[in-house]
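S.K.: If you use this note's numbering, the sequence shown corresponds to residues 108 to 427, in order.
This structure is in structure tokens; I'll ask about it shortly.
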Amino acid sequence: MHLLTRQPNISPSAALFIIYLLGASNRTRIGVAAFDKGLPLPASRALIRALFEALRATYLVAGLIMTVKLKRLAARVTTLALALACLPALGNDHSQLRYRSLSFTNLSIEQGLSQVSGNAIIQDSKGFIWIGTQDGLNRFDGHNIRIFRHDKDNPASLGRDFISALAEDDRGRLWIGTRGKGLDEYDPLTETFRHHQIIPGAKGRGSASDVKKLLVHEQRVYIGTLQGLFYLDMKDNRVRSISTPGLQSGSSMIYDLLLMPEGNILVSTSWGVFSLDPETLLLKQKYLHITAPYGSGTNALFHDSRHRLWISTDKHGVLL
Numbered sequence: 108m109h110l111l112t113r114q115p116n117i118s119p120s121a122a123l124f125i126i127y128l129l130g131a132s133n134r135t136r137i138g139v140a141a142f143d144k145g146l147p148l149p150a151s152r153a154l155i156r157a158l159f160e161a162l163r164a165t166y167l168v169a170g171l172i173m174t175v176k177l178k179r180l181a182a183r184v185t186t187l188a189l190a191l192a193c194l195p196a197l198g199n200d201h202s203q204l205r206y207r208s209l210s211f212t213n214l215s216i217e218q219g220l221s222q223v224s225g226n227a228i229i230q231d232s233k234g235f236i237w238i239g240t241q242d243g244l245n246r247f248d249g250h251n252i253r254i255f256r257h258d259k260d261n262p263a264s265l266g267r268d269f270i271s272a273l274a275e276d277d278r279g280r281l282w283i284g285t286r287g288k289g290l291d292e293y294d295p296l297t298e299t300f301r302h303h304q305i306i307p308g309a310k311g312r313g314s315a316s317d318v319k320k321l322l323v324h325e326q327r328v329y330i331g332t333l334q335g336l337f338y339l340d341m342k343d344n345r346v347r348s349i350s351t352p353g354l355q356s357g358s359s360m361i362y363d364l365l366l367m368p369e370g371n372i373l374v375s376t377s378w379g380v381f382s383l384d385p386e387t388l389l390l391k392q393k394y395l396h397i398t399a400p401y402g403s404g405t406n407a408l409f410h411d412s413r414h415r416l417w418i419s420t421d422k423h424g425v426l427l
């Protein structure tokens, strides 16, 4: 290439054309005239023959180098393609690859937590993390933990220290389900608690005052207890019972409540999954009926981004 470009009247592009002709033919006879934008190419046959052997050797070496490089590139492309192909198997856009660098910080009694058994946890609209334990309600602001406990001398304190469920309404009020003391309402403006009896006179573990799950939807607080399903109407602060005809007597324990996109509420019970229509308050068996003995019902419900329902059971694993 360097020798060709030093010949008179031979431009670099014309030299490239000569190299192309030499590499494309095993013959030394060049019977064509090369032109570069109309410029003549008066290169002698002797010069072309002299360069041919050197160029053939150069092409062979360059070909070997390119072959090795292409093989390496192909291997890298194949590896990348396999890695990309594996991404759907790891999940959707929130795949596991995004969470490999997750780190965990332990919040325990040493860091100010009231008790180590966390029964319920939510983040409210202001960003606070609320943690319900067996010995008090904890509010974590990212740095410090504030503990709320029952005070027998203060009627506006927490009703009971054993917290079993938490939920927040659109006014920023926190609803607290307790073990054996029913439902509490926390007002963040006054920092006081208001108590709501689910069934007058019902108290203690195993009763309707033993709350398992809370769900806030359209000015109602739905309350799943060990003795059936109830709701509190925020308009009059009264608690009402929801009929559960599909549940056998003495086995109306409610484990979970899940609001579905269409507006119905799924209810997880000892005898399968039911659907509650908030308009009519009718409860109908929806998805399955567990035929195993009592106690092997459905525990938890989850609706994922692909509109699949996940059902956790006692003795039948997770149903999808």
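Cβ coordinates follow ideal geometry from the N, Cα and C atoms, glycine included.
Since V380 contacts I418 with CB under 8 angstroms, what's their CB separation in whole angstroms?
M.R.: 6 angstroms
S.K.: How many Å lie between Y338 and R253 at the Cα?
M.R.: About 29 angstroms.
S.K.: Determine the closest residue to G249 out of K233, Q392 and Q241, with distance taken between C-alpha atoms.
M.R.: K233
S.K.: Assuming T240 contacts S224 under a Cβ cut-off of 8 angstroms, what Cβ separation, rounded to an integer in Å, is found between them?
M.R.: 6 angstroms
S.K.: Using the rule of at least 16 other Cβ atoms within 10 Å of the residue's Cβ for burial, across every protein chain shown, is S359 buried or exposed?
M.R.: buried
S.K.: Let's test the definition: count the other Cβ atoms within 10 Å of the Cβ of L408 and tell me whether it reaches 16, buried, or not, exposed.
M.R.: buried
S.K.: So what's Q392 in DSSP terms, helix, strand or just coil?
M.R.: strand
S.K.: Nearest to I228 by alpha carbon, out of N245, E217 and Q218?
M.R.: Ranking N245, E217 and Q218 by Cα distance to I228 puts N245 first.
S.K.: Could you tell me whether the Cβ of V346 comes closer than 8 angstroms to any Cβ of chain B?
M.R.: Among the protein chains of the structure shown there is no chain B, as only one such chain exists.
S.K.: Is T332 near I305, with beta carbons less than 8 angstroms apart?
M.R.: yes
S.K.: Name the DSSP bridge partner or partners of V346?
M.R.: L339
S.K.: Please look up how many angstroms separate the CB atoms of N344 and H302, rounded, as I've assumed it's under 8 angstroms.
M.R.: Actually they are not in contact, since the Cβ atoms of N344 and H302 sit about 11 angstroms apart, beyond 8 angstroms.
S.K.: With 16 as the cutoff for other CB atoms within 10 Å, does S350 come out buried or exposed?
M.R.: Exposed: under 16 other Cβ atoms inside 10 Å.
S.K.: Exposed or buried, which one is L191 when buried takes at least 16 other CB atoms within 10 Å?
M.R.: Summary for L191: the model assigns pLDDT 42, below 50, so the residue's position carries little reliability; its value from the coordinates is reported in the next sentence. Exposed, since its Cβ has fewer than 16 Cβ neighbours within 10 Å.
S.K.: Note down the Cα distance separating I361 from W378, rounded to an integer number of angstroms.
M.R.: 10 angstroms
S.K.: Please report the residue range of the beta strand (DSSP E) in which F211 lies.
M.R.: Looking at the DSSP string, F211 is not in any beta strand (DSSP E), and its letter there is neither H nor E.
S.K.: Does the distance from the C-beta atom of D363 to that of N371 stay below 8 angstroms?
M.R.: Contact flag unset, no.
S.K.: Taking the CB atoms as reference points, tell me whether L220 and A272 lie closer together than 8 angstroms.
M.R.: no
S.K.: Under 8 angstroms by Cβ, that's how I've got Q326 and D340 pegged, so tell me the actual separation to the nearest angstrom.
M.R.: 7 angstroms
S.K.: Sorted by chain position, which residues of the same chain lie with C-beta nearer than 7 angstroms to M410's C-beta, five sequence neighbours on each side aside?
M.R.: First, the residue type needs correcting, since residue 410 is His and not Met in the sequence shown. Around H410: L365, M367 and L416.
S.K.: Between which residues of its own chain and R280 is the CB-CB distance below 8 angstroms, once the five residues before and five after are set aside?
M.R.: E292, Y293, D294 and P295
S.K.: By the three-class DSSP mapping on this structure, what secondary structure does Q218 have?
M.R.: helix
S.K.: Any idea if R267 is buried or exposed, counting beta-carbon neighbours within 10 angstroms, 16 or more meaning buried?
M.R.: buried
S.K.: To the nearest angstrom, how far is the alpha carbon of T420 from that of K393?
M.R.: 15 angstroms
S.K.: With the cut-off set at 8 angstroms, would you say W282 and V346 are in Cβ contact?
M.R.: The beta carbons of W282 and V346 sit no closer together than 8 angstroms.
S.K.: Please classify T240: does DSSP put it in a helix, a strand, or coil?
M.R.: strand
S.K.: If I follow the unbroken beta strand (DSSP E) through V223, where does it start and stop?
M.R.: That residue, V223, is in no beta strand (DSSP E); it is neither H nor E in DSSP.
S.K.: Does E275 come out as helix, strand or coil in the three-state DSSP assignment?
M.R.: DSSP, read as helix, strand or coil, puts E275 in strand.
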